[in-house]
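Asker: Take this structure first; my questions come after.
Protein chains: 6
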Amino acid sequence: MAGTYPNLGEHVVVQDIERADAAVIKGLAECGVATVHEAQGRFGLLSEKMRPIYSGARIAGSAVTVSIPPCDNWMIHVAVEQCKPGDILVVAPTSPSNAGYFGDLLATSLKGRGVAGLIIDGGVRDIRDLTEMQFPVWASSIFAQGTVKETLGSVNVPVVCAGGPVNPGDVIVADDDGVCVVPLADAVSVLEKAHAREAKEAQTRARLTSGELGLDIYNMRERLKEKGLKYI
Amino acid sequence: MAGTYPNLGEHVVVQDIERADAAVIKGLAECGVATVHEAQGRFGLLSEKMRPIYSGARIAGSAVTVSIPPCDNWMIHVAVEQCKPGDILVVAPTSPSNAGYFGDLLATSLKGRGVAGLIIDGGVRDIRDLTEMQFPVWASSIFAQGTVKETLGSVNVPVVCAGGPVNPGDVIVADDDGVCVVPLADAVSVLEKAHAREAKEAQTRARLTSGELGLDIYNMRERLKEKGLKYI
Amino acid sequence: MAGTYPNLGEHVVVQDIERADAAVIKGLAECGVATVHEAQGRFGLLSEKMRPIYSGARIAGSAVTVSIPPCDNWMIHVAVEQCKPGDILVVAPTSPSNAGYFGDLLATSLKGRGVAGLIIDGGVRDIRDLTEMQFPVWASSIFAQGTVKETLGSVNVPVVCAGGPVNPGDVIVADDDGVCVVPLADAVSVLEKAHAREAKEAQTRARLTSGELGLDIYNMRERLKEKGLKYI
Amino acid sequence: MAGTYPNLGEHVVVQDIERADAAVIKGLAECGVATVHEAQGRFGLLSEKMRPIYSGARIAGSAVTVSIPPCDNWMIHVAVEQCKPGDILVVAPTSPSNAGYFGDLLATSLKGRGVAGLIIDGGVRDIRDLTEMQFPVWASSIFAQGTVKETLGSVNVPVVCAGGPVNPGDVIVADDDGVCVVPLADAVSVLEKAHAREAKEAQTRARLTSGELGLDIYNMRERLKEKGLKYI
Amino acid sequence: MAGTYPNLGEHVVVQDIERADAAVIKGLAECGVATVHEAQGRFGLLSEKMRPIYSGARIAGSAVTVSIPPCDNWMIHVAVEQCKPGDILVVAPTSPSNAGYFGDLLATSLKGRGVAGLIIDGGVRDIRDLTEMQFPVWASSIFAQGTVKETLGSVNVPVVCAGGPVNPGDVIVADDDGVCVVPLADAVSVLEKAHAREAKEAQTRARLTSGELGLDIYNMRERLKEKGLKYI
Amino acid sequence: MAGTYPNLGEHVVVQDIERADAAVIKGLAECGVATVHEAQGRFGLLSEKMRPIYSGARIAGSAVTVSIPPCDNWMIHVAVEQCKPGDILVVAPTSPSNAGYFGDLLATSLKGRGVAGLIIDGGVRDIRDLTEMQFPVWASSIFAQGTVKETLGSVNVPVVCAGGPVNPGDVIVADDDGVCVVPLADAVSVLEKAHAREAKEAQTRARLTSGELGLDIYNMRERLKEKGLKYI
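Laid out in structure tokens, this is it:
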């Protein structure tokens, strides 16, 4: 079942997923969302509606995905058991909803298992508790409205979360800029490209700090003239 | 007039409203929005567009309600006089508007009277001053655009604010999760239910912290199986 | 070309713009957005969608304007060279877009030139870096999605940014309440009016603090009665 | 139970509600939303997000209200039985949701009972079928996403629908301008006021058609001059 | 006063504005929004939130501009007198508001004077009547909520309407695609460019109809290959 | 390359895609979006922001997918060549944008090749022409703003369009309710399930028409009682 989107009424929990190397994940976290997103060819950025509940967190981890019916958080309880230390839970309702699927009790449970954070295209509550316990969440909504536990979904199947495709085991990178998804198979090469990008940016930053202009560093003047820009 | 929505062109100020017991109000504040909302059967939550202007505040108080024409803040000045220490002003424009109805001068006046905070389905300004003086506001908008003082409204009549019905004297609970309205008549029983809920959650939290799974604590495995969830 | 909106395919960089007096600019910054906006007759406020990336900054400066194609940040690089110490860059895409036009490298370059901040009706990224270096930005979006460098725009021409007309050299005032534009020719008189307003508000604040009601300070009771307000 | 909002977990169906006189309802339908809304002092207009699924319908009827959990349409089936000819079903989810609660089968059932139309602060589907059968719906969303039938709500209790308070038996007026709620107790007097307004508007319309200006008909010139308007 | 934005509390009615030639206006109407917008270098398009209240209308006319306080339609009555046959009224509230500023009585008055239509960054009501009398309106909202007549604005001053700068006498072009503003001084040259564009598009359309591909007509294949597009 | 999302800077055109059987596609079109979506387990519905530019069209066809940079429509020209009679073009910008990527010239070209319609998570223009030529489009925006032709994308690779995953060759079903995606491999079985659903609904419709209640047809009374619903 892994590898295809859930449909036709089947509800599954895939228990054994592949994860990226811990060092690679750590490296991607340090690079941050903007760099990683550029490094992988501007692919995998979730919608800008995904905002952190508090600022300053920067994490990466392996996606444990949850396809969940709208206004029903039952499957999140199921997903907790599938999480390993360092994982990030990715929750995607099958229909848009701002209900508060997640609060401090679930966070306590996830934190106890070493889960690094939560990405949810829906609502979250108990913001004050989550901030105090420093459990980072990127959500499309803050809303206290509760959910029910009536309908099944699936765990560790491909999902679309906030406009981005996520497969179980993909590396999630999240910080104040938002959330980016790195496909598992690309994690190593993306990290390399991100490091190369960082090295190059460090050089550029030094030159900009010394007063050089981007116009000159990037050799833009000629092309601007060709395109017809007039200085007056 | 109290007890019915204002209409047909009558504009009134109801000067004598009933309030909940101060200890009950204090208890509800300590429980917070998410718990109180669950405790009263998921009733009374205002729209998620109501956000605090700074994080960390958690208050409760008796609602002094203001039905106000759009882009006109005259009646807020009228309402100030009706406020008693610990009250919360609840301002509901009769037509949606993001105008900046409220700023630091009105806050100075309210704070001087011991008012606990403001709930407004509209705009607020002087954010920096309000934050410095620690006068908490939950608003649907931050906008410096001023308002006029031309048209009457009513004070202490039933209003709908951000989607929720509010009667004068209802207990307002507000924190980082949003705003919840507890009907005056239900305040005592809701507090009891909220305390019961907190006690139960404390137990659950302890079990979750010790590593138990919600799946087991809530006895979910059987029902999941019956519904057809497959582990693979 | 200065003085007219860019159109008909001409792309220009106006290199020599007039700026307001530094002391006037400083004075407007101290008054803040809400006061300045009221002082100039409620003109020039940008849309409430313009939010600061971190709270607490309050700046003013001369506008260096950039008319930019959607999803293309080439002209920002061109504009950097036109900025002088104390200026504020005002970036207006010609079509709405939330792309991340601006990040830490451009901020490094602008900060090195003494630029006070950025106003952009579009997206910004590298929020954590910008916050650490305390380079204030008011933007309509936070989004890591990159842009291209393919199409020309213009620098220092009149633009409409977030609903407000901005001419090069206009004074931009920005704080937690949003962004306000003071036309260059009005800067001195607006500052005078703002100071007068502040003086009057200080008196009012003192009276409110001492417990007087706005109803009495503003002599509202008579007019409320005439309009038909009933106390019950 | 009727007369209070549903909460604390009680779920009821109130079977016997009072309705306005059929002639009054018919009269209000003929006046239309804008006139009725003005006639009752600009009270009772639902949010502008409530749009008709096809244009041209103008109806009025007695509200049969449904308080419904988000993403769950079970209680609509319960409500059908409570509807009488000429009624209008008013569906208010307790939490915002755009799910498709209603389609052609429910419309068939309602139409068979003589129900005049549906007002729903949520989604509707089978638009083509509903249009063909000319069953008018005002909804906040068009969305094919289905709902579940798991959780109770209440029928014929007070609800807030799209920002407006609705009591069972209130008269709903709906046309291309939106939806307006007339409290049952006010229906007769509002109709009188609406008729008076229509008569006056007919006179004004005749004068405007003959070329007179509103400036003169409404005697505005003097007051404009007093306020300081300058013609140049 | 004409030529500057209204501010500092002055309120004026400019009675004598320049208008474009009737034949030029008619020509621009026939070209339509998309063509005119391209022909003038992609300048002057209003926000996409401006939608026609019924489809199929395509008009052009000289702008009579109205700067209006939020939720107050007094100045529209003043503006009617300034309109000449063929004009288009352009109404821009100084603060965003969806109130229903305009209905069938004002339309009757404008239609009687030969006004071609209305552009309003706000709400409109009496949709059914306006459709029946075929008075076209492009508005950001349909909402029955009424407005007051208390505060002055200005007529025939520069405004920003729905994100676009409009000067009195500018040519407004509006159809199902939206609304475009042609600066008065550019009207003749834009019409020429629009006609040239139409001629060229007619040729392209003929070739496309005959089965030729845009890839070949526009000679794209070479450049695509250079950029690295791979066919597999 | 087919089968993975485009990233890492590779841009490809996959020329040979598998398509569903024409009879199956025709059958799915006749069932319509709501039925098909239910039949495949409520999977594959695109966001409700996808609205038809005119009402009444109901189509199905094989997806030719286009991954396109924001505000750049170059790849649509490339995609035209890959379309076969009966196909539906599915255009997904890699970053959200409301630009007008598509107008009557591209429609002329597509219609000439027998393409059934367009699905685009972006803007479309020339609405009047498209309506006249009856070329159906489901778009998230109507906007005349043009795009550039500077940056590559890919054709016939997996995309996420308006929140839904689409693979080349998937069957797209679109009508007034929105847009649904049927995975190619499931098309036959989904059609069967849709037909079964239609047969069952026909029976239910007959019973409802005869006056039976859903409460009885679906045997709901018992379960409602068990859950605690009280009739009063």
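Protein chains in written order, with my numbering: chain A, 116 to 347; chain B, 116 to 347; chain C, 116 to 347; chain D, 116 to 347; chain E, 116 to 347; chain F, 116 to 347. Note that CB positions come from ideal geometry on N, CA and C, so glycine has one too.
Using CA atoms only, rank isn't needed, just tell me which of K199(F), L339(F) and Y346(F) is closest to W189(D).
Answerer: In the fourth sequence, counting from the first residue as 1, residue 189(D) sits at position 74. W189(D) has its Cα closest to that of L339(F), out of K199(F), L339(F) and Y346(F).
Asker: I need the DSSP call for S224(B), collapsed to helix, strand or coil.
Answerer: As a working mapping, residue 224(B) is identified with position 109 in the second sequence. S224(B): helix per DSSP, three-state reduction.
Asker: Please confirm if the segment 222–240 of chain E is in contact with the segment 250–262 of chain E, defined as three or more CB-CB distances below 8 Å between the two stretches.
Answerer: yes
Asker: Any C-beta of chain D sitting closer than 8 Å to the C-beta of S312(F)?
Answerer: Position 197 of the sixth sequence, counted from the first residue, corresponds to residue 312(F). The question names Ser, but residue 312(F) in the sequence shown is Arg. Not an interface residue.
Asker: Does the beta-carbon of P273(D) have 16 or more other beta-carbons within 10 angstroms, so that it is buried, or is it exposed?
Answerer: Your numbering for residue 273(D) matches position 158 in the fourth sequence. Answer is buried; the Cβ neighbour count reaches 16.
Asker: Under 8 Å between beta-carbons, which chain C residues line up against M335(A)? List them in chain order, please.
Answerer: Reading the first sequence from its first residue, position 220 is the one you call residue 335(A). By Cβ distance, chain C contributes W189, H192, V193 and K264.
Asker: Under 8 Å, Cβ to Cβ, is there at least one residue of chain D near Y346(F)?
Answerer: By 1-based counting over the sixth sequence, the position of residue 346(F) is 231. Yes, contact with chain D.
Asker: Please identify the residue among N282(D), D202(D), G293(D) and D301(D) whose C-alpha is closest to the C-alpha of S162(D).
Answerer: Here residue 162(D) corresponds to residue number 47 of the fourth sequence, with the count starting at 1. Of N282(D), D202(D), G293(D) and D301(D), the smallest CA-CA separation from S162(D) is found for G293(D).
Asker: Please list, in chain order, all residues of the same chain as G118(E) whose beta carbon is under 6 Å from its beta carbon, the five residues on each side excluded.
Answerer: Numbered from 1 along the fifth sequence, position 3 holds the residue referred to as residue 118(E). Legend: pLDDT at G118(E) = 49, less than 50; position of this residue unreliable, no value from coordinates given.
Asker: Touch check for the segment 129–141 of chain B and the segment 264–272 of chain B: three-plus C-beta pairs under 8 Å?
Answerer: Yes: the two stretches touch, three or more of their Cβ pairs being nearer than 8 Å.
Asker: Any beta carbon of chain F sitting closer than 8 Å to that of E196(D)?
Answerer: For the purposes of this step, residue 196(D) is taken as residue 81 along the fourth sequence, with counting starting at 1. So, interface residue.
Asker: Is there a Cβ from chain F that is less than 8 Å from the Cβ of R157(A)?
Answerer: Within the first sequence, the letter at position 42 stands for residue 157(A). Answer yes: the Cβ-Cβ gap between R157(A) and chain F drops below 8 Å somewhere.
Asker: Counting C-beta neighbours from all protein chains within 10 Å, is the total for A144(E) 16 or more, i.e. buried, or is it exposed?
Answerer: What you label residue 144(E) is simply residue 29 of the fifth sequence in a count that begins at 1. Buried, because 16 or more other Cβ atoms sit within 10 Å of the Cβ of A144(E).
Asker: For I174(D), return the contacting residues in chain F, with the cut-off set at a CB-CB distance below 8 Å.
Answerer: Residue mapping note: residue 174(D) aligns to position 59 of the fourth sequence, counting from 1. Those within 8 Å of I174(D) in chain F number zero; the least Cβ separation is about 20 Å.
Asker: For S212(F), count neighbouring Cβ atoms within 10 angstroms of its own Cβ and tell me buried if that reaches 16, exposed if not.
Answerer: As a position in the sixth sequence, residue 212(F) is number 97, starting the count at 1. Under this definition S212(F) is a buried residue.
Asker: At 4 residues or longer, and completely inside the segment 159–206 of chain C: list those alpha helix (DSSP H) runs for me, N to C.
Answerer: 189–195
Asker: Using the beta-carbon count (16 or more within 10 Å), is A135(A) buried or exposed?
Answerer: For this step, residue 135(A) is matched to residue 20 along the first sequence. By the 10 Å Cβ count, A135(A) comes out buried.
Asker: Measure the alpha-carbon distance for L299(F) versus V275(A) and round it to whole angstroms.
Answerer: Residue mapping note: residue 299(F) aligns to position 184 of the sixth sequence, counting from 1. Residue mapping note: residue 275(A) aligns to position 160 of the first sequence, counting from 1. Approximately 18 Å, taken between the alpha carbons.
Asker: Evaluate M165(E) with the Cβ neighbour count: other Cβ atoms within 10 Å of its Cβ, from every protein chain shown; 16 or more gives buried, anything less gives exposed.
Answerer: Locating residue 165(E) in the fifth sequence gives position 50, counting from the first residue. Buried, because 16 or more other Cβ atoms sit within 10 Å of the Cβ of M165(E).
Asker: What is the rounded straight-line gap between the Cα of T209(A) and the Cα of R312(B)?
Answerer: Walking along the first sequence from the start, residue 209(A) turns up at place 94. Walking along the second sequence from the start, residue 312(B) turns up at place 197. The alpha-carbon atoms of T209(A) and R312(B) are separated by roughly 30 Å.
Asker: I'd like to know whether the C-beta of T223(A) is nearer than 8 Å to at least one C-beta of chain B.
Answerer: The sequence position of residue 223(A) within the first sequence is 108, counting from 1. Yes, T223(A) counts as interfacial toward chain B.
Asker: So what's A144(D) in DSSP terms, helix, strand or just coil?
Answerer: Numbered from its first residue, the fourth sequence carries residue 144(D) at position 29. Correct three-state label for A144(D): helix.
Asker: Using a Cβ-Cβ cut-off of 6 Å (strictly less than) and excluding sequence neighbours within five positions of G229(F), which residues of its own chain qualify?
Answerer: As a working mapping, residue 229(F) is identified with position 114 in the sixth sequence. Counting only Cβ-Cβ distances below 6 Å, and skipping sequence neighbours, we find P200.
Asker: Quick check: the Cα distance between D244(A) and E265(A), rounded to an integer number of angstroms?
Answerer: Translated into the one-based positions of the first sequence, residue 244(A) becomes position 129. Translated into the one-based positions of the first sequence, residue 265(A) becomes position 150. Roughly 26 Å between the two C-alpha positions.
Asker: Are the C-beta of V275(C) and some C-beta of chain A separated by less than 8 Å?
Answerer: The residue given as residue 275(C) occupies position 160 in the third sequence. No, no contact with chain A.
Asker: Rounded to a whole number of angstroms, what is the C-alpha to C-alpha distance between G326(F) and E125(D)?
Answerer: Locating residue 326(F) in the sixth sequence gives position 211, counting from the first residue. Locating residue 125(D) in the fourth sequence gives position 10, counting from the first residue. Using only the alpha carbons, I get a separation of about 30 Å.
Asker: Could you tell me if K315(D) is buried or exposed, where buried requires 16 or more neighbouring beta carbons within 10 angstroms of its beta carbon?
Answerer: Translated into the one-based positions of the fourth sequence, residue 315(D) becomes position 200. Classification of K315(D): exposed, given that the 10 Å Cβ count is below 16.
Asker: Pick helix, strand or coil for G238(A), following the three-state DSSP scheme.
Answerer: As a first step, residue 238(A) is located in the first sequence; it is residue number 123 there, counting from the start. DSSP places G238(A) in strand when its eight states are reduced to three.
Asker: Taking Cβ-Cβ distances shorter than 9 Å, what residues in chain B pair up with V127(A)?
Answerer: Taking the first residue of the first sequence as 1, we reach residue 127(A) at position 12. Under the 9 Å cutoff, chain B gives L344, K345, Y346 and I347.
Asker: Quick one: grab the DSSP three-state call for A117(D).
Answerer: To locate residue 117(D), count along the fourth sequence from 1; it is residue 2. The predicted position of A117(D) is uncertain, since its pLDDT is 37 and thus under 50; a value taken from the coordinates is nonetheless stated next. A117(D) falls in the coil class under three-state DSSP.
Asker: Could you check the C-alpha separation between D348(D) and A172(F) for me, to the nearest Å?
Answerer: Residue 348(D) is absent from the structure shown; chain D starts at 116 and stops at 347.
Asker: So what's A254(A) in DSSP terms, helix, strand or just coil?
Answerer: Start at 1 with the first residue of the first sequence, and residue 254(A) comes out as number 139. Strand, per DSSP.
Asker: Along the segment 211–239 of chain E, what residues have a CB closer than 8 Å to any CB found in chain B?
Answerer: Taking a C-beta cut-off of 8 Å against chain B, the contacting residues of the segment 211–239 of chain E are P211, S212, N213 and A214, listed in chain order.
Asker: Nearest by alpha-carbon distance to G176(B): which of C295(B), L344(B), Q318(B) and T324(B) is it?
Answerer: By one-based count along the second sequence, residue 176(B) stands at place 61. It is C295(B) whose Cα lies nearest to the Cα of G176(B).
Asker: Let's see if you can read the secondary structure: which residues bound the alpha helix (DSSP H) around G215(C)?
Answerer: The sequence position of residue 215(C) within the third sequence is 100, counting from 1. Per DSSP, G215(C) belongs to no alpha helix (DSSP H); it is in the beta strand (DSSP E), G215 to F217.
Asker: Using DSSP with H/G/I as helix, E/B as strand and the rest coil, what is G329(B)?
Answerer: Taking the second sequence and counting its residues from 1, one reaches residue 329(B) at position 214. Helix.
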